[in-house]
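Residue numbers (UniProt numbering): 1 to 507.
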Amino acid sequence: MGASEATLKAPAPQRYRRVTVIRTKDGDTKGWIRIQEVALGIDQSGGAQAAGIFVAPDQAVPRPWLGFGGSFTEASTETLRRMSPEQRMEVLRACYDQEVGLAYNLGRVHIGSCDFSLGNWTCGDLPEGDAELNGFSLDHYKTSILPTIHDAAKLAGAPLAMLASPWSPPMWMKTKMEFHGDGHLKRECYAAWAYHFVRFVQEMEKLDVPIWAVSVQNEPEAAQIWESCIYTAEEERDFVRDHLGPALEAADLGRVKIIIWDHNRDGMLERAAVAYADDLASKYIWGVGYHWYGDARYETWPECHDVVYEDRKRGGSVQELKARLGFENVRRLAELRPDKHIIFTEGCQELSNRSLDDMLGVWKIGERYGMNIINDMNHGCEGWIDWNLCLDEQGGPNHVGNFCSAPIICDTSRGEILRQPSYWYMGHFSRYIQPGACRAVSSASRDVLEVTSWVNPDGSLAVVVMNQSTEDIEFWLKVQGSGAVCTEAPARSITTYLVDDAEIAEQ
């Protein structure tokens, strides 16, 4: 993950001089466009009357940022395999190259199949009842998933911090003999399933993919038409306390983090409270993972974007809107257990029975990413993992037809690579906020401006400002102890301000 979690700390504050402005806006040629370099000067904003964004880098929160990443689903990796070798590497560079790409350092992989697989499969379902897992195999990973992870790690320049998550145990371990639906893990199979995690970590590491963390179950309250398994809060607690934690420890894998929940923001606080109240379970739990799905009214994008702004016209406050999306639950959880951790583990743009063609290039989807990332980061999240790295021209493959979009669409029929607005929005965070950065206190005087600010390990300051409105907004960027500069957030734009101690080069 770059620096080890034990050594990451808030960088020392410094005097800032230069501001580099990098922008992406609707209607422009897509990309991270360097607009200008300007010098911080005297604040001439005229006080409270002028719009402003205030940043206090010397008040950085000492909770280091882990990084950004995407998920190596079978759908993503098989899509890449269907592209030419040159195009495949172009997509991987777009995600994991530290200079020209998104500079990802995290990844997620499914244990067994998920909806974004070519079909139902597990690593150890034959023979049925094989508690010793003599039939355990990673053959399903060897065609496309493992080669893709290996190539991504080479581009990143270091092993990726990989999160491994199961969608369903083998059918014989479940109360209902099926991959999908509302079946639970049988109590008598808890030990065998915990051993399955151990074998997965061990066998992946033999194949040069170290596993940083495991989550207990993807979306443990969702009975889906694809792979799923239900856990109550008590079942998840007991499984971690009595089986998964001890099994990893006994196999000398205690360094592997255990993440609970891995579901939506709306239930994360209640789920964590049950597990953390048990000291024996809590000692094994690194933290909570979560997704952005939930409130149906605010889950269907891009229509949701318009609902948000209509509500504001009727007098609804921005804070109320953010609460509906669950960001306050992230903050409350961070305050409940500051010794534990919180990481975003999945989000994607659902097609909701629409064609992918209808969603290509939709700017509001990029804004969905921007709004979620900014508010997650500001409320206590410590890392952010997107769902599929890429998908094909249908929004798949997906063996149950649950098609979605992704930041990169690979049209395998035409051999084209289509970067979506969500890709460019993601880069404003992942390219400029480094692993080990600490969040600086920041605020905006206009509620239509979203802002997050981070002090990087090299001392530079990254300030990301998003304007979802149709109005160009001029404002003063004020850096405490260093000065200010008058700048603009154009309508429907996202801008990164990189602030450092360098002098402006003479023109």
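Beta carbons are placed, not taken as given, at the ideal position from N, Cα and C, and that holds for glycine. All figures in this text were calculated on a predicted structure; none of them were measured in a lab.
Assuming residue i and residue j form a contact by the criterion Cβ under 8 Å, report the distance between their Cβ atoms to the nearest whole angstrom.
i: Ala484; j: Val455; result: Going by Cβ atoms, the distance from Ala484 to Val455 rounds to 18 Å, so no, they are not a contact pair.
i: residue 593; j: Val465; result: The first residue shown for the chain is 1 and the last is 507, placing residue 593 beyond what the model contains.
i: Gly366; j: Trp424; result: 6 Å
i: Ser493; j: Lys25; result: 4 Å
i: Leu102; j: Ser430; result: 5 Å
i: Ala213; j: His243; result: So it is not a contact: roughly 17 Å between Cβ atoms.
Under a Cβ-count criterion, where at least 16 other Cβ atoms within 10 Å of its own Cβ denotes burial, should residue i be classed as buried or exposed?
i: Gly396; result: buried
i: Asp339; result: exposed
i: Arg439; result: buried
i: Asp262; result: buried
i: Ser405; result: buried
i: Thr495; result: buried
i: Asn134; result: exposed
i: Gly112; result: buried
i: Arg23; result: buried
i: Ile385; result: buried
i: Ser76; result: buried
i: Lys283; result: exposed
i: Thr232; result: exposed
i: Asn264; result: buried
i: Met177; result: exposed
i: Val100; result: exposed
Under 9 Å between the Cβ atoms of residue i and residue j?
i: Val240; j: Ala281; result: yes
i: Leu185; j: Glu235; result: yes
i: Glu74; j: His110; result: yes
i: Val91; j: Cys381; result: no
i: Leu360; j: Leu418; result: yes
i: Leu163; j: Ser215; result: yes
i: Trp65; j: Gly427; result: no
i: Arg108; j: Ser71; result: yes
i: Val19; j: Ala39; result: yes
i: Pro421; j: Val362; result: yes
i: Gly294; j: Ile342; result: no
i: Ile285; j: Ala94; result: no
i: Asp458; j: Arg17; result: no
i: Asn120; j: Phe54; result: no
i: Asn218; j: Pro166; result: yes
i: Phe116; j: His196; result: no
i: Val441; j: Asn467; result: no
i: Ile504; j: Ala462; result: no
i: Gly129; j: Gly383; result: no
i: Arg271; j: Ile260; result: yes
i: Ala192; j: Ala131; result: yes
Give every residue of the same chain whose Cβ lies closer than 6 Å to the Cβ of residue i, excluding the five residues on either side of it in the sequence, and list them in chain order.
i: Ala251; result: Val198
i: Glu452; result: Checking the sequence shown, residue 452 turns out to be Thr, not Glu. Here the set comprises Ile374, Met377, Asn378, Val464.
i: Asn372; result: Trp292
i: Gly181; result: Ala223
i: Ala3; result: Caution is warranted here: a pLDDT of 40 is assigned to Ala3, below 50, making its placement in the model unreliable, and the coordinate value is therefore given only provisionally. Within the same chain, Ala3 has close Cβ partners Gly436.
i: Gly69; result: Tyr104, Leu106, Gly107, Ile385
Got a sec? Which residues, its chain only, sit under 7 Å from residue i by beta carbon, not counting five neighbours each side?
i: Gly52; result: Ser45, Ser445, Phe475, Trp476, Lys478
i: residue 515; result: Since the first residue shown for the chain is 1 and the last is 507, residue 515 is missing from the structure and cannot be characterised.
i: Glu393; result: Leu356, Ile409, Asp411, Thr412, Ser413
i: Leu118; result: Glu74, Glu78, Pro397, His399
i: Pro159; result: Ala153, Pro210
Verify the contact flag: residue i, CB atom, against every heavy atom of the ligand SAH, threshold strictly below 8 Å.
i: His140; result: The ligand SAH is not part of the structure shown, which contains no ligands of any sort.
I'd like the list of long-range same chain contacts for residue i, defined as Cβ closer than 8 Å, with 5 residues on each side in sequence excluded.
i: His379; result: Phe327, Glu328, Val330, Arg331, Ala334
Quiz item: Of all the beta strand (DSSP E) runs that stay within the bounds of the stretch 99-179, which reach a length of 3 or more residues?
Solution: Within the stretch 99-179, the complete beta strand (DSSP E) runs of at least 3 residues are 106-111, 161-166.
Exercise. Report the residue ranges of all alpha helix (DSSP H) runs contained in full by the UniProt domain "Glycosyl hydrolase family 30 TIM-barrel" (335-433); include only those spanning at least 4 residues, in chain order.
Key: Fully contained in the UniProt domain "Glycosyl hydrolase family 30 TIM-barrel" (335-433) are the following alpha helix (DSSP H) runs of length 4 or more, in chain order: 363-379, 421-430.
Self-check item: Ordered list of alpha helix (DSSP H) runs contained in the stretch 51-97, each at least 4 residues
Solution: Counting only runs of 4 or more, we get 74-81, 85-96.
Quiz item: Enumerated in chain order, which unbroken segments of the beta strand (DSSP E) with a length of 3 residues or greater are wholly contained in the stretch 194-256?
Solution: Counting only runs of 3 or more residues that sit fully inside the stretch 194-256, the beta strand (DSSP E) segments are 211-215, 224-227, in chain order.
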